[in-house]
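Single-structure report; data block below.
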Amino acid sequence: MPDQVPVFVPATGIHTVKAVVDALDLGWLGMGATTQLFERRIGEYLGAVGRPVLATNTGTSALHLALLVAGVQPGDEVIVASFNYVADLQAITAIGAEPVFCDIREDNLGFDVDRVAEMIGPRTKAILPLHFAGIPCDIAGIYELARAHNLRVIEDATHAFGTSINGTKIGAEGDLVCFSFDPVKVITAIDGGAVVCNSAEELDRLQHFRFLGVDKDTAERYKNQRSWEYDVVSQGFRYHLTNINASIGLSQLDRVDGFIASRRQTCREYNAAFRELDGIAVPQTDFDEVSPFIYFVRVPSDERLTFIDFLRARGVQTGIHFLPAHTFTYYRDRRRGPLPVTEKVASEIVTLPLHSHMPTALSNQVIEAVREFARTRRPVGARSRP
Ligand SMILES: *Cc1c(COP(=O)(O)O)cnc(C)c1O
Numbered sequence: 000m001p002d003q004v005p006v007f008v009p010a011t012g013i014h015t016v017k018a019v020v021d022a023l024d025l026g027w028l029g030m031g032a033t034t035q036l037f038e039r040r041i042g043e044y045l046g047a048v049g050r051p052v053l054a055t056n057t058g059t060s061a062l063h064l065a066l067l068v069a070g071v072q073p074g075d076e077v078i079v080a081s082f083n084y085v086a087d088l089q090a091i092t093a094i095g096a097e098p099v100f101c102d103i104r105e106d107n108l109g110f111d112v113d114r115v116a117e118m119i120g121p122r123t124k125a126i127l128p129l130h131f132a133g134i135p136c137d138i139a140g141i142y143e144l145a146r147a148h149n150l151r152v153i154e155d156a157t158h159a160f161g162t163s164i165n166g167t168k169i170g171a172e173g174d175l176v177c178f179s180f181d182p183v184k185v186i187t188a189i190d191g192g193a194v195v196c197n198s199a200e201e202l203d204r205l206q207h208f209r210f211l212g213v214d215k216d217t218a219e220r221y222k223n224q225r226s227w228e229y230d231v232v233s234q235g236f237r238y239h240l241t242n243i244n245a246s247i248g249l250s251q252l253d254r255v256d257g258f259i260a261s262r263r264q265t266c267r268e269y270n271a272a273f274r275e276l277d278g279i280a281v282p283q284t285d286f287d288e289v290s291p292f293i294y295f296v297r298v299p300s301d302e303r304l305t306f307i308d309f310l311r312a313r314g315v316q317t318g319i320h321f322l323p324a325h326t327f328t329y330y331r332d333r334r335r336g337p338l339p340v341t342e343k344v345a346s347e348i349v350t351l352p353l354h355s356h357m358p359t360a361l362s363n364q365v366i367e368a369v370r371e372f373a374r375t376r377r378p379v380g381a382r383s384r385p
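Read in order, the letters of the sequence shown correspond to residues 0 to 385 in numbering that gives the first Met the number 0.
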């Protein structure tokens with residue numbers, strides 16, 4: 000068997016080691032000045048003027064805190080795609096709120112705004128759209144709908160750090176926007192996340208939620224100190240990002256433009272190589288403004304297992320994003336609309352390897368394997384119908 004091409008390879012190196020050593024030398028290991036610097040740099044990178052950034056220990060905790068600061072309460076409904084990662088669902092149910100599953104559209108695999116409108120009910124508090132694979136969903140349509148119904152929007156931009164819409168980065172505008180810096184995302188802090196919010200007042204409440212409801216303490220920790228006098232003003236968690244993780248995050252942020260440019264290039268090569276192939280559907284984007292988190296193709300659902308096995312035998316690993324959430328035990332009885340596009344897409348989608356600065360030898364191995372699969376498929380008439 001040839002060497003395996005993994006789906007994900009983190010873009011770490013000697014710069015990561017240096018970031019860790021520098022943070023250890025500083026001697027303040029927990030949340031501190033480096034955390035605050037990371038927050039500031041994220042805001043600058045996004046062009047988020049007047050929109051504060053809160054760094055968290057995961058993207059999941061960022062989503063949880065965004066829902067809390069949006070005022071989502073037990074019993075409230077949050078409209079969310081079933082075509083999603085389970086983190087979003089757990090963040091909603093952690094509050095005692097109810098996820099309501101809504102369908103997506105075929106072109107960008109994000110929310111279908113007309114379907115979202117149909118799911119709004121008296122208990123609806125927020126809409127949680129996902130920019131799948133880094134490709135923007137119809138976010139203008141979502142905000143229009145949210146304004147008309149006085150709903151909050153929590154954008155899941157965990158796949159879309161660095162994606163722009165008409166020249167404006169996702170997160171620079173809008174309501175609450177969440178990012179993830181977990182090990183496989185476009186930039187990593189090993190684990191980490193962020194919420195971009197609307198005001199100093201919201202940031203204040205987010206800081207309390209992030210650190211055990213403790214007042215004043217964040218300002219002291221940002222000076223690598225501790226306050227020994229404090230009040231506890233709200234429910235809180237330990238969702239802070241440490242100086243060490245922030246230092247790694249900063250070293251990644253220094254390199255993000257190169258990461259994204261190289262990923263775009265590989266995605267364009269994939270699209271060009273696969274676009275004309277019979278039985279393979281490619282993402283409907285030119286990637287011009289997209290920061291690609293994953294590259295996916297769609298194959299007929301009755302051929303997906305064959306496709307995955309075929310690629311594995313040629314050293315190409317694959318993933319599946321996502322198993323639809325409404326099929327999981329914990330979520331199958333929740334309220335939902337019709338999900339025909341979700342069910343179709345989830346049965347056809349396959350994630351191919353995509354790395355920052357992916358060596359051409361590896362992307363070519365992927366391209367050759369997919370081409371060979373397309374060549375060896377039986378003619379359409381001879382294939383079984385699902
Ligand atoms: C990565 C991810 C998250 C959560 O981020 P973590 O940092 O892994 O907690 C949430 N939603 C989606 C769609 C993701 O891909």
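We treat Cβ as the ideally placed atom computed from N, Cα and C, and that holds for glycine.
Query, Result
"Residue range of the alpha helix (DSSP H) that includes GLU389", "The chain is shown only over 0 to 385; residue 389 falls outside these bounds and no answer can be derived."
"C-beta atoms of ALA368 and ASP277 nearer than 8 Å", "no"
"Three CB pairs or more closer than 8 Å across the segment 23-35 and the segment 152-162", "no"
"Same chain, Cβ closer than 6 Å to HIS148, neighbours up to 5 away in sequence not counted", "ILE119"
"Near ligand 3: TYR84 beta-carbon under 7 Å from a heavy atom", "Ligands in the displayed structure: ligand 1; ligand 3 is not one of them."
"Spatially closest choice to GLY212 from GLN224, GLY191, GLN234, CYS136, by CA coordinates", "GLN234"
"THR217 burial status per 10 Å Cβ neighbour count (16 or more: buried)", "buried"
"PRO385 in three-state terms, based on DSSP", "In this prediction, PRO385 has a pLDDT of 43, which is less than 50 and means its spatial position is unreliable; what the coordinates show is noted afterwards. Reduced to three states, the DSSP call for PRO385 is coil."
"Closer than 7 Å: GLY314 CB and nearest ligand 1 heavy atom", "no"
"Contacts around LEU361, its chain only, beta-carbon distance under 6 Å, and the 5 residues preceding and following it disregarded", "VAL4"
"Distance CB(THR55)-CB(ALA47) smaller than 8 Å", "no"
"Residues of its chain near PHE321, where Cβ-Cβ distance is below 7 Å and the 5 sequence neighbours each way are ignored", "PHE82, ASN83, TYR84, ALA345"
"Sequence-distant residues of the same chain with beta carbon closer than 8 Å to GLN364, five excluded per side", "PRO1, VAL4, ARG313, GLY314, VAL315"
"Cβ shell of PHE286 (< 7 Å), same chain only, five flanking positions each side left out", "ARG263, CYS266, ARG267"
"Neighbourhood of SER261 by C-beta distance below 6 Å, restricted to the same chain and skipping five residues each side", "SER355, HIS356"
"Three-state secondary structure (DSSP) of ASP389", "Coverage of the chain is limited to positions 0 through 385, which leaves residue 389 absent and any answer about it impossible."
"Euclidean distance between Cα positions of ARG376 and THR350", "19 Å"
"Unbroken stretches of the alpha helix (DSSP H), 4 residues or longer, contained in the segment 62-143", "85-93, 112-118"
"Reference HIS130; option with closest CA among ARG370, VAL176, PHE7, VAL52", "VAL176"
"Neighbourhood of VAL195 by C-beta, 6 Å cutoff - its chain only, sequence neighbours within 5 removed", "ALA47, ARG50, VAL52, GLY170, VAL176"
"THR241 versus SER179: straight-line alpha-carbon distance, rounded", "15 Å"
"Beta bridge counterpart(s) of ARG237 as assigned by DSSP", "PHE210"
"CYS177 - partner residues in DSSP beta bridges", "ASP155, VAL194"
"According to DSSP, residues forming a beta bridge with VAL231", "VAL213"
"Three-state secondary structure (DSSP) of ARG50", "coil"
"For ILE186, the first and last residue of its enclosing alpha helix (DSSP H)", "From DSSP, ILE186 is part of no alpha helix (DSSP H); its letter is neither H nor E."
"Cβ pair ILE141, VAL112 closer than 8 Å", "yes"
"Residue nearest to LYS124 in terms of C-alpha spacing, selected from PRO291, LEU144, PHE273", "LEU144"
"Distance, HIS239 Cα to ASP190 Cα", "11 Å"
"Cβ-heavy atom distance, THR157 to ligand 1, below 7 Å", "yes"
"Identity of the residues DSSP links to LEU351 by a beta bridge", "TYR294"
"beta-carbon SER179 near ligand 1 non-hydrogen atom, thresh 7 Å", "yes"
"Backbone secondary structure at LYS222 - three-state DSSP", "coil"
"Three or more C-beta pairs below 8 Å linking the segment 243-258 and the segment 62-75", "no"
"Euclidean distance between Cα positions of THR317 and ARG311", "8 Å"
"Exposure of PHE327, with buried meaning 16 or more beta-carbon neighbours within 10 Å", "exposed"
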